[in-house]
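Protein sequence lines, in the order shown, are assigned to chains A and B.
Counting from 104, one number per residue, gives the positions in the first sequence under my numbering.
Counting from 104, one number per residue, gives the positions in the second sequence under my numbering.
Where is the CB? At the ideal position from N, CA and C, for every residue including glycine.
Given the structure is predicted, the values throughout are model-derived calculations rather than measurements.
In what follows, a single structure is set out as structure tokens and then discussed.
Protein chains: 2
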Amino acid sequence: REKFQSISAADFFYRNREIAGFDNPVRATYTIIRELVENSLDACEQYSIMPDVRVKLIDDGNSIYRIKVEDNGIGVPYEQVPYAFGQILFGSKYTLRQSRGIFGLGGKMAVLYGQITSHSTVKALSSTGGFEKYFYELSINVQENKPIIRKKEVTPNPGRWRGTIIEFSFEGDFVRAKPKIVEYFRQTAILMPYANIIYISPDGVLYRFDRITEVMPKPAEEVKPHPFGVDIEMVHRMINASRSTTLMDFLANNFHRVGVATAMNFLKSIKMSPDLNPKTMDSKDLVKLVSRMKDYGEFQPPDAQCLSPVGTDLLKAGIIREFSPEYVAVTQRRASAYAGYPFVIEAAIAYGGRVPITPADEMLVLRFANKIPLLYDLHSDVAMKVIKRINWQRYKLDVKTMPIAFFIHICATKVPYKTVGKEYIADRPEVEYEIEWALKTCARELKTHMGKKERAYIAQRR
Amino acid sequence: REKFQSISAADFFYRNREIAGFDNPVRATYTIIRELVENSLDACEQYSIMPDVRVKLIDDGNSIYRIKVEDNGIGVPYEQVPYAFGQILFGSKYTLRQSRGIFGLGGKMAVLYGQITSHSTVKALSSTGGFEKYFYELSINVQENKPIIRKKEVTPNPGRWRGTIIEFSFEGDFVRAKPKIVEYFRQTAILMPYANIIYISPDGVLYRFDRITEVMPKPAEEVKPHPFGVDIEMVHRMINASRSTTLMDFLANNFHRVGVATAMNFLKSIKMSPDLNPKTMDSKDLVKLVSRMKDYGEFQPPDAQCLSPVGTDLLKAGIIREFSPEYVAVTQRRASAYAGYPFVIEAAIAYGGRVPITPADEMLVLRFANKIPLLYDLHSDVAMKVIKRINWQRYKLDVKTMPIAFFIHICATKVPYKTVGKEYIADRPEVEYEIEWALKTCARELKTHMGKKERAYIAQRR
Ligand SMILES: Nc1ncnc2c1ncn2[C@@H]1O[C@H](COP(=O)(O)OP(=O)(O)OP(=O)(O)O)[C@@H](O)[C@H]1O
Ligand SMILES: Nc1ncnc2c1ncn2[C@@H]1O[C@H](COP(=O)(O)OP(=O)(O)OP(=O)(O)O)[C@@H](O)[C@H]1O
Ligand SMILES: [Mg+2]
Ligand SMILES: [Mg+2]
């Protein structure tokens, strides 16, 4: 009759790799570069290391390409390397703090794609800056979702080098992927004027983005879950992991911005005893606790210490380097939240200079999420939805005929991606609201500038 | 430093449930119904059982709903019930044959959502028609991705009942989900005029679709992989699982429509020895074998025995029942393939009768994939892309002012879904081509009918 089977997470993403952005060799070429670069940038920024990232893509013929990415990041600890690159759903970004990585999947999908299209192993060299550096050659055992260590070498690290070098081959299509790859690097550099990024393409072109500042944003710090962001499973796990013997103690020590006083008041308001042992709570009490947590209006909203926006100065500097605009209006909204997850919107509108005038029904919209440039599915994205409904005439901005570029960046502990391939952002009313106000703020500033410029011009002509 | 962690597949889909269609209570209400109904319909059709499916959604207050789905399908075997409903990435549809289910995820995500929003367990009663029926009450251990059996009961089954009843509670939003739910049932019934479907909504309305025929399409049969659809991982696994000691034998016994003669000719053409032991092949040979398999022009294309289209008669009957159109043109294309996966496109265009005239810039387009109605993301779907570029004027069809409905159904062993939530279909040139020709065939037929009608009208007026 029916043949039942369970499959590993690696097998699932192998069979359904188009869902993770590996639809075909063109898209795979782009996604592989993206995933590896994002890992390198996270490894630097999280530790306030000014990033030096070097990407080399070599054409080995027969549609086989070799990718090599080198960074000066924090490195991967010795025992973790095989899992970091060889086990799907493994990583260090399952925490409540902003980072590019979130799924524990991207780097491994890239390695897996190389393995299934060219039988390539992955070579990883890393050190956390200690006395030794270590080299691994790995494959992924897909059916069991575990790494296969082909080779392992520990060597002295006299220079105390710290960083990671990863290399493997895969079947790609560079020619068709090229425009998107170059665009990806350009846009990455806009948000990172403090990073040195080098990309050497198979056709021998060297793209270099040199740092123009040594100022970096403060890294994101991990926070505890916020009461508005919980569900029964989460609270259940927190109770099991906690040593608290009273509900009061449990609440005061496990939630973002909830201390003794807040916990007391909350429990009073829902008529639950502070001395109740959370581990012996019955199902009815657990359901009541969780659902009332979500509606309690007196909890402090989430704050932004778990986020790491670019900041208006750095964003401006990056835009100026790329577009030399006549004017750029930049803004950063205060932290907001959706479903208990804090987020911050940064936006900019640039005018003139090297900003191109786009064809009639197109617009130049650069979207970013946790500093990742989003280059696909613009029209499904929440940002476009907002842009389309703003009445730009009110700000004297004719998006059809003027050289205008829009920039929208969402920083969040949990970016509401619609897909595993991180292609675009789902609609959330709170996010839409913030994007709209950020863009209107920039539009107003630009209108003021255009007004001054016009009056100056008129004055000059007299 | 960095805290490394591995998470289970259940934990991954719990944390990222919006990626599976569980964004919010409205969408979850719809997705839960969809996933359970699709499981029931698969369980019937695969065994040529005329489906009797009954769905009841009860409002228990406080946004908590109880769902109960009952079918007369093949049932779930006793030992498999806990895993079928309690372990993510487990199922019987990991085979190369058309079915609604493909991921081994849907039913469990529904159960998981009920668990995390209402702490509900799932109650499942099933029998494969034997002497016993069995009842389980289960939860999912999310961190370890395994079922927790709360209760288990085996009782006699004197009536030899065969089928499955599944029930659990969840936090939903019926009012907002209602239009989509009703539409889902209507569209499901269009492709299944041989099914009895009953849906009882929380506001007490009974929706009934009674069977109008006892003819059913022949079920899909499992096939072996086609040479064009393989990659190195797949061939590697097949070699390990096979007992063949020669490459010739391996190829002749493991691939769809490849027998001894074809295998011989292929190996000759790529200059590989038929006597080579596949288990001792080196990496270079494996890569060569797989890449040459994909380009060998003499392999028979995949055939359609692994597919189970509706068929033009049944499709017409279903459309007539729903819309009583003045005319409906229906067509089924011959089997085609993309990347070695066979697929068949069925399409129809209905005119007049109860087909509404849609507002100026909208069109009535009903899309289906393996008989699943797709109700979201119309504008990202490949079907819409094709419809927009057809010049309907050539067929004298003014889609703006005429009451016209388009129907597109793709049957495939691997539907190229873009998302885990099965919302829309990715672009594939072969699929686009087939959809375009299917629609044009229907358009031509409709044009002929309109022409005859017009001449008859003119003749009558004289
Ligand atoms: N270049 C690197 N430097 C330091 N650590 C790295 C590097 N690349 C990967 N890692 C480590 O390996 C882990 C797994 O990376 P992977 O890309 O598979 O998942 P992720 O980045 O956590 O999430 P996502 O799937 O969203 O990218 C990371 O969490 C990180 O700890
Ligand atoms: N009503 C049912 N009758 C018979 N078998 C069922 C029923 N519901 C579920 N099953 C079994 O449980 C398995 C798991 O179902 P689940 O919905 O989780 O995954 P799937 O249907 O295989 O794939 P998908 O995630 O695409 O829906 C199915 O493959 C099927 O074997
Ligand atoms: Mg990553
Ligand atoms: Mg299913």
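Does any residue of chain B have a CB that is nearer than 8 Å to the CB of residue i?
i: A/Ala529; result: yes
i: A/Leu389; result: yes
i: A/Leu241; result: no
i: A/Val245; result: yes
i: A/Phe125; result: no
i: A/Ser109; result: yes
i: A/Gly421; result: no
i: A/Glu317; result: no
i: A/Gly275; result: no
i: A/Ala83; result: Residue 83 of chain A lies beyond the range of chain A shown here (104 to 565); nothing can be said about it.
i: A/Ile122; result: yes
Using a Cβ-Cβ distance cut-off of 8 Å, determine whether residue i contacts chain A.
i: B/Arg104; result: yes
i: B/Thr383; result: no
i: B/Glu68; result: Summary: the structure shown does not reach residue 68 of chain B, with chain B confined to residues 104 through 565, and so no result is reported for it.
i: B/Pro328; result: no
i: B/Asp162; result: no
i: B/Gly204; result: no
i: B/Leu192; result: yes
i: B/Thr434; result: no
i: B/Gly266; result: no
i: B/Tyr117; result: yes
i: B/His222; result: yes
i: B/Glu235; result: no
DSSP on residue i, reduced to helix/strand/coil?
i: B/Leu389; result: helix
i: B/Leu481; result: helix
i: B/Asn142; result: helix
i: A/Arg203; result: coil
i: A/Val534; result: helix
i: B/Ser109; result: strand
i: A/Phe188; result: helix
i: B/Pro405; result: coil
i: A/Thr349; result: coil
i: B/Tyr181; result: helix
i: A/Thr461; result: coil
i: B/Thr544; result: helix
i: B/Pro261; result: coil
i: A/Val431; result: strand
i: B/Glu539; result: helix
i: A/Phe273; result: strand
i: B/Ile167; result: strand
i: A/Asn380; result: coil
i: B/Tyr314; result: The residue asked about is misnamed: residue 314 of chain B is Arg in this sequence, not Tyr. It is coil, neither helix nor strand.
According to DSSP, residue i sits in a beta bridge with which residue or residues?
i: A/Pro412; result: Answer is none; A/Pro412 lacks a bridge partner.
i: A/Phe510; result: A/Ala451 and A/Leu469
i: B/Glu173; result: B/Arg157 and B/Ile268
i: B/Phe446; result: B/Ser439 and B/Ala515
i: B/Phe238; result: B/Leu228 and B/Glu256
i: B/Ile303; result: B/Lys159 and B/Leu309
i: B/Phe193; result: A/Ser109
i: A/Lys249; result: A/Asn244
i: A/Glu325; result: According to DSSP, A/Glu325 bridges with nothing at all.
i: B/Pro476; result: B/Phe471
i: B/Ile528; result: B/Tyr520
Mind listing which residues of the segment 477-494 of chain A have their C-beta closer than 7 Å to chain B's C-betas, in chain order? Look at the segment 477-494 of chain A: the residues with a C-beta under 7 Å from a C-beta of chain B are Ser483.
Check distances from the C-beta atoms of the segment 452-480 of chain A to those of chain B and list, in chain order, the residues that come in under 8 Å. Within the segment 452-480 of chain A, the qualifying residues are Asp480.
Between the segment 209-220 of chain B and chain A, which residues of the former have a C-beta closer than 9 Å to a C-beta of the latter? When C-beta distances to chain A are compared with 9 Å, the residues of the segment 209-220 of chain B below that value are Leu215, Gln218, Ile219 and Thr220, in chain order.
Which residues have their C-beta within less than 6 Å of a heavy atom of ligand 4, listed in chain order? The filter returns B/Glu138, B/Glu141, B/Asn142, B/Gly204, B/Gly209 and B/Gly210, in chain order.
In chain order, what residues of the segment 523-549 of chain A put their CB closer than 7 Å to some CB of chain B? Of all residues in the segment 523-549 of chain A, the ones placed with a Cβ closer than 7 Å to any Cβ belonging to chain B are Val523 and Ala529, in chain order.
Using a Cβ-Cβ cutoff of 7 Å, what residues of the segment 399-412 of chain A are near chain B? List them in chain order. Within the segment 399-412 of chain A, no residue has a Cβ that lies closer than 7 Å to any Cβ of chain B.
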